[in-house]
Amino acid sequence: MPSSIRIPLQVSDSIRPLRGLLDTSVVIDLGVIEPERLPVDVAISAITMAELSAGPQATDDLPERARRQAQLQRAESTFDPLAFDTEAARAYGQVFAAVAAIGRKPRGARAADMLIAATAVANGLPLFTRNPKDFDGLSDLVEIFGI
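Reminder that position 144 of the sequence shown reads as 124 in my numbering, one-by-one numbering, no gaps.
Structure, rendered in structure tokens:
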């Protein structure tokens, strides 16, 4: 997987998945998550990078803006994000339908989460998140790991 980085092992490879896509919530909290809770090879979506890029613009608090900007720069220097490509666009239709089928709105505030999930589906990767409820209804399409 060309768009991934390797997290040093703390435990045996057999205890955790080898590959996975990190949700924005995980990327934000990388400094406080124990590495053994993550897959060995991690990737992020271009959608996560977009969310991180918006972060500094979403606050007027200067210290918080600086913290978010530093976080964005770390992510930019660490990851080569997976593109939201044609396969992800096709997978989005399945994600949309699955979420709508359980009575949840797949648009609005959930849109970025659904696009990240579609990226995971398109790339055959499990999704790691701090907010597993954001991905309710998708367990038939993608394996969700709440951390």
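For every residue, glycine included, the Cβ atom is placed at its ideal position computed from N, Cα and C. All values derive from a computational prediction rather than experimental measurement.
For ASP40, is the classification buried or exposed, using 16 other Cβ atoms within 10 angstroms of its Cβ as the cut-off for buried?
To locate residue 40, count along the sequence shown from 1; it is residue 60. Flag for ASP40 reads exposed.
With C-beta atoms as the reference, is GLY117 less than 8 angstroms away from ARG84?
For the purposes of this step, residue 117 is taken as residue 137 along the sequence shown, with counting starting at 1. For the purposes of this step, residue 84 is taken as residue 104 along the sequence shown, with counting starting at 1. For the 8 angstroms CB-CB criterion, GLY117 and ARG84 form a contact.
Report yes if the CB atom of ILE127 is closer than 8 angstroms to the CB atom of ARG17, and no otherwise.
Position 147 of the sequence shown, counted from the start, is the residue given in the question as residue 127. Position 37 of the sequence shown, counted from the start, is the residue given in the question as residue 17. In contact: ILE127 and ARG17 (Cβ atoms closer than 8 angstroms).
On the three-state DSSP scale, how would you describe ASP21?
Within the sequence shown, the letter at position 41 stands for residue 21. Three-state result, ASP21: strand.
In chain order, what residues of the same chain lie with their CB nearer than 6 angstroms to the CB of VAL79, ignoring the 5 residues before and after it?
One-based indexing of the sequence shown puts residue 79 at position 99. Here the set comprises PRO86 and GLY117.
Between the C-alpha atoms of GLN74 and ASP120, what's the straight-line distance to the nearest angstrom?
Position 94 of the sequence shown holds residue 74. Position 140 of the sequence shown holds residue 120. Cα-Cα distance, rounded: 10 angstroms.
Close-in-space but distant-in-sequence residues of the same chain around PRO137 (CB under 6 angstroms, 5 per side omitted):
The chain is shown from -19 up to 127; residue 137 falls before or after that span and cannot be answered.
Could you name the residues of the same chain whose beta carbon sits closer than 7 angstroms to that of PHE76, not counting the 5 residues immediately before and after it, in chain order?
Looking up residue 76 in the sequence shown gives position 96. Counting only Cβ-Cβ distances below 7 angstroms, and skipping sequence neighbours, we find PRO86 and MET94.
Span of the alpha helix (DSSP H) holding ARG47?
Walking along the sequence shown from the start, residue 47 turns up at place 67. Note, ARG47: alpha helix (DSSP H), 42 to 58.
Alpha carbon to alpha carbon, how far is ALA100 from THR58?
Residue mapping note: residue 100 aligns to position 120 of the sequence shown, counting from 1. Residue mapping note: residue 58 aligns to position 78 of the sequence shown, counting from 1. Each residue's alpha carbon lies about 19 angstroms from the other.
Go through its chain and collect everything with a Cβ distance to SER(-8)'s Cβ below 8 angstroms, but skip five positions before and after it.
Position 12 of the sequence shown, counting from 1, holds the residue named residue -8. Only weak support is given to the placement of SER(-8): the predicted model assigns it a pLDDT of 44, under 50, and the question is left unresolved by the model.
Which of the three DSSP states is assigned to THR66 in this structure?
Residue mapping note: residue 66 aligns to position 86 of the sequence shown, counting from 1. It is helical.
Take the Cβ of LEU42 as the centre, count every other Cβ of all protein chains shown within 10 Å, and call the residue buried at 16 or more, exposed below.
Residue 42 sits at position 62 when you count from the first residue of the sequence shown. Burial call: exposed.
Taking LEU95 as part of the beta strand (DSSP E), name the residues at either end of that continuous run.
Numbered from its first residue, the sequence shown carries residue 95 at position 115. Taken as a continuous stretch (DSSP letters only), LEU95 belongs to no beta strand (DSSP E), being part of the alpha helix (DSSP H) at 91 to 103.
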